Every structure is written in structure tokens, then in C-alpha cells.
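Residue numbers for the sequence shown follow my numbering, beginning at 82 and rising by one. No residue lacks a Cβ here, since even glycine has one placed at the ideal position from N, Cα and C. Note that the structure is predicted; figures quoted are calculated from it, not measured.
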Amino acid sequence: QHQAMLYTVLVIGISTVVALYVGAFDFLFSQVIKFVVDTF
């Protein structure tokens, strides 16, 4: 029971980190594209 709870928390934590990482990467990528489009 304790082990299952631990794994659940771990999975939620990893999912959150991955979601933030992907979101940040997507935001940066969008900004770069916007910058390039505005420049040329």
C-alpha cells in the first residue's frame, strides 16, 4: 500500500516536470519562430 502511494506520487511528479519542460520548450520555440519571422 505504501509502495503504491510512493509510485503514484513519483509518477505525478515526473509528469509535472515533463509537462513543464515541454511547455517551456514549446514557448521558447514559438518565441524564436516569431523573432525569425519578424526579422526577415
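In this structure, how does DSSP classify residue i when only helix, strand and coil are distinguished?
i, result
"Q84", "helix"
"F121", "coil"
Under 7 Å Cβ to Cβ from residue i, same chain only, skipping five residues before and after it: list those, please.
i, result
"H83", "none"
Near residue i, what residues of its chain come up, given a Cβ to Cβ distance below 6 Å and the 5 sequence neighbours on each side ignored?
i, result
"L91", "none"
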